[in-house]
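To start, the structure under review is shown below, and the notes come after it.
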Amino acid sequence: LFQRHVVSCIASDRQGKWLVTADSGPENIVIIWDSSDNFPQRTLFSPHRDIKVSRVALSADAKYLLTLGYKEKAVLFWWIWSFGEDKPHAVLEVNLPRDSVVAMDFNPYNSEQFLLMSKRDIFIGVSGKMFVTERGERKETDKYELKVKKLETTISPDFGKLTCFTFVQDTAQILVATSRGAVLVFGYTIQYQQKVQPTSFENLRFVKVFRIEKYKINVITSIDGVITTGNNGGEIHFYDEQMKLLYWIHGFQVDNVRHISFNISPRSYQIFDPECNKPCLCWEKVVPEIDPETGHLKQKLLKQQLRSDASVGGKPIIVRDFIVCK
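Numbered per our numbering, the sequence shown spans residues 239 to 564.
Put into structure tokens, the structure is as follows:
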């Protein structure tokens with residue numbers, strides 16, 4: 239199907255049902271796949287015409303597709319791919335030089351919002367319907383547009399170049415990691431707050447920066463209220479949403495953590511704390527509950543056998559299964 243073209247980029251929705259791939263051939267194509275049967279559902283032939291597709295992103299709900307190519311500057315194409323049209327629903331040129339974008343993705347908690355990042359700059363973007371004014375009245379049209387805003391910072395170059403980012407659900411913050419172990423925080427409020435409702439992307443601002451690790455951070459991700467990082471020292475760190483260290487893994491047979499991928503499904507478990515601190519005869523008689531979210535039986539775990547985090551209360555540290563790419 240790819241006619242010996244090399245797949246240059248890949249992305250998926252939140253559930254992993256829909257995949258999008260782009261190849262690097264002279265007549266490149268973008269394909270949206272249904273992962274349940276590995277069958278292509280939509281094919282875009284040379285979506286940027288004679289320009290190769292450099293990056294792709296798929297929204298968490300699989301509704302929107304974002305493709306990036308370069309002319310003199312970066313050009314964004316935004317698609318509602320299920321409509322079956324051969325032209326993008328919105329186009330935007332961004333003042334970024336060729337091959338400068340190192341990361342691009344949608345906000346998994348707000349599909350109308352997306353982010354572009356180069357080694358020096360961060361652009362937050364939104365999609366929406368275009369409005370016109372007729373006879374003094376503002377009316378919505380059937381056309382779409384993209385808007386982007388460069389997020390300004392006041393940090394020193396000593397903190398390093400930007401490497402990766404993640405969106406945090408409860409705080410509506412964006413965390414951006416650097417090549418010198420620092421993390422930049424962008425948010426809608428200066429003080430840390432839980433359950434923040436994001437307002438207009440125009441209100442998103444730089445909050446602070448702090449150095450948390452000794453090595454270059456290659457990946458940062460947020461899932462189930464835990465921030466996870468992987469760095470050039472082969473270390474994996476787990477933080478809470480205020481970036482307080484909870485747990486860390488080091489000294490195993492990985493000298494460089496390039497990427498971390500967590501299981502799509504949340505982990506189902508029950509924690510037991512018997513007086514004997516070990517599985518006894520009654521252990522087998524314990525019937526695990528069914529997790530209403532996943533539909534699977536909950537895993538039985540002994541509290542005394544679980545690792546504790548670095549918080550004052552020493553809570554058990556339990557995360558989803560994950561794989562590490564080095």
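C-beta: ideal position from N, C-alpha, C; glycine also.
With a cut-off of 8 Å on the beta carbons, I'd call residue i and residue j a contact; round off their distance for me.
i, j, result
"Pro554", "Leu540", "Incorrect: roughly 10 Å between the Cβ atoms, too far for contact."
"Gly366", "Leu354", "Not really, about 17 Å apart at Cβ, beyond 8 Å."
"Val557", "Asp462", "7 Å"
Compare the C-alpha of residue i against each of the options and name the closest.
i, options, result
"Asp396", "Arg293, Gln508, Gly471, Val421", "Val421"
"Ser338", "Lys377, Trp317, Tyr426, Gly307", "Gly307"
"Tyr485", "Ile428, Gln431, Ser546, Glu390", "Ser546"
"Leu389", "Asp493, Asn469, Arg443, Ser365", "Arg443"
"Trp317", "Lys309, Leu330, Glu310, Lys311", "Leu330"
"Val434", "His497, Glu479, Lys309, Tyr453", "Glu479"
"Pro504", "Glu372, Val445, Ser417, Asp529", "Asp529"
"Ala328", "Arg336, Ser320, Phe315, Trp319", "Phe315"
"Arg418", "Arg449, Gln431, Asn441", "Arg449"
"Leu282", "Thr392, Trp256, Gly322", "Gly322"
"Gln429", "Ala410, Phe439, Val414, Ala415", "Ala410"
"Tyr477", "Gly489, Val464, Asn470", "Val464"
"Val359", "Glu350, Pro526, Gly398, Arg373", "Looking at the sequence itself, residue 359 is Asp, so the reference to Val does not match. Residue Gly398 is the option with its Cα nearest to Asp359."
"Val332", "Ser349, Gln351, Lys309, Asp324", "Lys309"
"Asn348", "Lys452, Pro436, Gln432", "Pro436"
"Ile412", "Val445, Pro326, Ser438, Ile393", "Val445"
Can you check DSSP and say which residues form a bridge with residue i?
i, result
"Gln537", "Tyr507"
"Val447", "Leu422"
"His475", "Thr467, Trp486"
"Trp271", "Leu257, Pro278"
"Gln351", "Val364"
May I ask whether a heavy atom of the ligand HEM can be found less than 8 Å away from the beta carbon of residue i?
i, result
"Ala300", "For the ligand HEM, the structure offers nothing, since it holds no ligand at all."
Taking C-beta to C-beta, are residue i and residue j nearer than 9 Å?
i, j, result
"Pro346", "Gln407", "yes"
"Ile458", "Ile474", "no"
"Gln537", "Gln491", "no"
"Gly468", "Val447", "no"
"Ile270", "Leu304", "no"
"Asp272", "His243", "no"
"Asp343", "Ala295", "yes"
"Val386", "Phe361", "yes"
"Arg336", "Ala312", "yes"
"Asn266", "Ser284", "yes"
"Val340", "Ser356", "yes"
"Lys564", "Asp493", "yes"
"Leu210", "Glu527", "Nothing can be reported for residue 210: it is not among the residues displayed for the chain, which extend from 239 to 564."
"Met368", "Glu350", "no"
"Phe560", "Thr466", "yes"
Worksheet entry | Sequence ranges, beta strand (DSSP E) only - wholly within the segment 368-406, length at least 3 | 375-388, 400-405
Worksheet item: Hey, which unbroken runs of the beta strand (DSSP E) at 3 residues or more fall wholly within the segment 295-338?
Response: 303-308, 312-317, 328-332
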